[in-house]
Structures are given as structure tokens and as C-alpha cells.
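A.B. asks:
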Amino acid sequence: QAIFSLSAPALTYECGVEMSQTWADMIQFDFEHHPFDTVGLASFMKGLKDGGPTPSGHPTPTVITTVPSNCMTVEEVQYNAWQIRHVLSTGAHGILHTHTRRADAVAMFVAASRYVFQKVGRDMGLPEGLRGGGGQKDPAEIWGVDPVEYLQIADPWPLNPKGEIMLGLKIEDRFCLPDADNIAAVPGLSFAEWGPGDMGMSHGDPDLHDPPYTPEMNQAREIVKNACKQSGLAFLCSWQDLNLTVEERARHALYEEGARILHVPEAEIADRIRKEMGRKMPW
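Here the sequence shown stands for residues 245 to 527, where the numbers follow my numbering.
1) Could you round the C-beta distance between residue 475 and residue 409 to whole angstroms and report it? I think they count as a contact, below 8 Å.
2) Where does residue 524 land, buried or exposed, given buried means 16+ other C-beta within 10 angstroms?
3) What span of residues does the beta strand (DSSP E) with residue 282 cover, start to end?
4) Look up residue 276 in the DSSP assignment and give the residues it is bridged to.
5) Find the nearest neighbour of residue 441 within the set 428, 469 and 343, judged by alpha-carbon distance.
6) For residue 280 versus residue 312, is the C-beta spacing smaller than 7 Å?
7) Return yes when the Cβ of residue 498 is within less than 7 Å of the Cβ of residue 437, no when it is not.
8) So residue 473 is in the alpha helix (DSSP H); what residue range does that whole segment cover?
9) Identify, in the order they occur along the chain, each residue of the same chain with its Cβ nearer than 8 Å to the Cβ of residue 461, setting aside the five sequence neighbours on each side.
10) For residue 373 and residue 489, I'd like the C-alpha separation in whole angstroms.
11) Looking at the unbroken beta strand (DSSP E) that takes in residue 302, where does it start and where does it end?
12) Could you say which of 380, 386 and 256 lies nearest to residue 287 if we only look at CA atoms?
13) Could you name each continuous alpha helix (DSSP H) segment of 4 residues or more that falls completely within the region 378-459, going from the start of the chain to the end?
14) Taking all protein chains shown into account, do 16 or more other C-beta atoms lie within 10 angstroms of the C-beta of residue 521, making it buried, or fewer, making it exposed?
15) Just checking my contact of residue 399 with residue 388 at CB under 8 Å: how many whole Å lie between their CB atoms?
16) Return the CA-CA distance between residue 378 and residue 483, expressed in angstroms with no decimal places.
17) So the candidates are 501, 307, 456 and 515; which of them puts its Cα closest to the Cα of residue 486?
18) I'd like to check one pair, residue 435 with residue 477: are the Cβ atoms closer than 7 Å?
19) For residue 254, does the three-state DSSP call read helix, strand or coil?
20) With 16 as the cutoff for other CB atoms within 10 Å, does residue 431 come out buried or exposed?
21) Tell me which residue opens and which closes the beta strand (DSSP E) that residue 311 is part of.
22) When you compare only the Cα positions, how much space is there between residue 505 and residue 428?
23) Under the three-state reduction of DSSP, which class applies to residue 246: helix, strand or coil?
24) For residue 353, name the three-state secondary structure that DSSP assigns.
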């Protein structure tokens, strides 16, 4: 099944209320290249909650953000783990981390997203969680659960079958590619993308975000896609070919490139594809 995503246009309470009834499955916001405004994110999440529940009966739609730091080394992730804590403490549902060059750095990313007491996956090489107690009240209110339950379910899915946190990766430069299989295999992940803009820059061309792609770029995309497939991760991919209609681009990403998470600007397109794929909506 496809997951359809939209970007939040602003991090305000009012925007949250407006988007609380969105047709999309997921809302994303970019902190990689924009000011790290977790105060605004908290207001947005409060607006989502107050404007809800969603048509499916959930307290809010799923919200995923990036963070300003990258995931290149263990040390970088450790020193910037506060960014992950601050995002998750707003009630957001996950993190999409960037420039994930090493599997050990990804393992530390997973640890930074988990509470200290969680044990699932520790026998698979994951470090002890880095989230501590004290900040669980606010996200619990957004999720519509008590703080004790939040502590239990604020854990990466599908590593923890009861978890409600989604962790994703941007495997997006030439340094990531040789180890893509090991990077994608780290326990605790649910999705990944190939970041064509940064992948193109890494290969020396700042104008390769959109197709047509060079053979080198096509090979890079296949490496990341196959790594996702091998580890059971959903592949996030768009296809901004200006020679195609918006709907044709979405269909190409899904049916030709194997994407399972993509941005679609129109509800009608998502609805048609959902019906074709046998999606059973909960409303």
C-alpha cells in the first residue's frame, strides 16, 4: 500500500487545526534546511490535536520531520541527540535523518529516539536508548494517552510491534552507497529515500534532482531501492518529470520505481490510486 505525504506550509497552531482533517496519510516538515523551530512544531501539533480527531478516528495525522544535524558519524548523532528529543517531545511521530553514511551512526540514531529502559533489539547490536524521563507529558497529551502508556509505545516500529515511532533515512550521497545494505539493515527503521538532490550534488552536478537522470544516478537509486527491499523498508521516492502529468509522475514512482511513500499534491489522485491498490480506508 502507498503512503501519501504532504508538507506542512507553516508551523503554527492555526495551520495545525487546518491540516487536522487532511486527506494525506503523513505530514512532513523540513528542519534540515529551515530554522529549527520546535516551539512552532509544538504549536502545530497542538493545533492538529485540537482540530481532531482525524476522519479515521486518530488524535492527529502522522507527523515526521528532519533535524538540522546529519547522521554521518556516531559522534555527530550523540552530540546532536537533543534535536531528536526536542522533536519527539512535541508529539511528532518520527524522524527522517539525513546523510546516513555509516551503520553504527544509524544505530545511534535509533538509540537517540528510544527511552533508556527499552530492551527490544538490544541483542541485535543497538545501543541503550538516550531518551530520559521528564518530557513525556506533552507528547502523551497529543497522542491521547497517559504518560505511562506513552513511554511504552514511543518506540520504533516495526522493531517494537507496539511502537508508534517511525524512523527513516536519507541514503543520499556517494559515500553512503557502498554500505547501503548494512545501513538499511539496522533494526528500528521503517523507511528510507535516496535524496536525488544531494545525491546529484555528491556526484558533481547540482542540477540532478529531477529526471532525466544520468546512468550513475539511476544506479545510485537502484542501490538504495534494493537495500530497502532487502531489509523490508518502505522506499520514499518522488518522480518530478515535467514531461508527465502530476498523476503520471505519482504512478511512475509507485509502479515503476517501487516507491511506497510519496508526495502527492491532490487528494483526487491519492483516492484513485488507493482504490486501485485495494486500500481499505477506515472511514
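For each residue, glycine too, the CB sits at the ideal point set by N, CA and C.
Computed from a predicted structure; not experimentally measured.
C.D. replies: Working from what's here:
1) Within the sequence shown, the letter at position 231 stands for residue 475. Within the sequence shown, the letter at position 165 stands for residue 409. Under the criterion of beta carbons closer than 8 Å, residue 475 and residue 409 do not qualify as touching, at roughly 17 Å.
2) As a position in the sequence shown, residue 524 is number 280, starting the count at 1. Counting other Cβ atoms within 10 Å of its Cβ, residue 524 stays below 16 and is therefore classed as exposed.
3) Counting from 1 along the sequence shown, the entry for residue 282 is found at position 38. Residue 282 -> not in any beta strand (DSSP E); alpha helix (DSSP H) instead, spanning 282-295.
4) The residue you call residue 276 lines up with position 32 of the sequence shown. DSSP, once it has assigned bridges, lists no residue as partnering residue 276.
5) Stepping through the sequence shown from its first residue, residue 441 is reached at position 197. Out of 428, 469 and 343, 343 has the C-alpha closest to the C-alpha of residue 441.
6) Taking the first residue of the sequence shown as position 1, residue 280 is located at position 36. Taking the first residue of the sequence shown as position 1, residue 312 is located at position 68. Yes, they are a contact pair.
7) If you number the sequence shown from 1, residue 437 lands on position 193. If you number the sequence shown from 1, residue 498 lands on position 254. No, they are not a contact pair.
8) On the sequence shown, residue 473 is found 229 positions in, with the first residue counted as 1. Unbroken alpha helix (DSSP H) run through residue 473: 459-475.
9) By one-based count along the sequence shown, residue 461 stands at place 217. Taken in chain order, the residues that qualify are 440, 443, 444, 447 and 452.
10) On the sequence shown, position 129 is the one that residue 373 refers to. On the sequence shown, position 245 is the one that residue 489 refers to. Computed Cα separation, rounded: 45 Å.
11) Working through the sequence shown from its first residue, we reach residue 302 at position 58. Segment: none, residue 302 is in no beta strand (DSSP E) and carries neither H nor E.
12) Residue 287 sits at position 43 when you count from the first residue of the sequence shown. For residue 287, the nearest C-alpha among the options comes from 256.
13) 381-387, 391-397, 424-428 and 440-446
14) What you label residue 521 is simply residue 277 of the sequence shown in a count that begins at 1. The residue in question, residue 521, is exposed, as its Cβ has fewer than 16 Cβ neighbours within 10 Å.
15) By 1-based counting over the sequence shown, the position of residue 399 is 155. By 1-based counting over the sequence shown, the position of residue 388 is 144. Actually they do not touch by this definition, with Cβ atoms about 17 Å apart.
16) Start at 1 with the first residue of the sequence shown, and residue 378 comes out as number 134. Start at 1 with the first residue of the sequence shown, and residue 483 comes out as number 239. Distance between the alpha carbons of residue 378 and residue 483: 42 Å.
17) Position 242 of the sequence shown, counted from the start, is the residue given in the question as residue 486. The shortest C-alpha separation from residue 486 is found at 456.
18) Counting from one through the sequence shown, the residue named residue 477 turns up at place 233. Counting from one through the sequence shown, the residue named residue 435 turns up at place 191. Yes, these two residues count as a Cβ contact at 7 Å.
19) Position 10 of the sequence shown holds residue 254. Here residue 254 sits in coil by DSSP.
20) Counting from 1 along the sequence shown, the entry for residue 431 is found at position 187. Label assigned to residue 431: buried.
21) Stepping through the sequence shown from its first residue, residue 311 is reached at position 67. It is not in any beta strand (DSSP E) - residue 311 carries neither H nor E in the DSSP assignment.
22) In the sequence shown, residue 505 corresponds to position 261, counting from 1. In the sequence shown, residue 428 corresponds to position 184, counting from 1. Looking at the two C-alpha atoms, the distance is approximately 16 Å.
23) As a working note, residue 246 is residue 2 in the sequence shown. The answer is coil: DSSP assigns residue 246 none of H, G, I, E or B.
24) The count along the sequence shown starts at 1 and reaches residue 353 at position 109. In the structure shown, residue 353 sits in a helix (DSSP, three-state: H, G or I).
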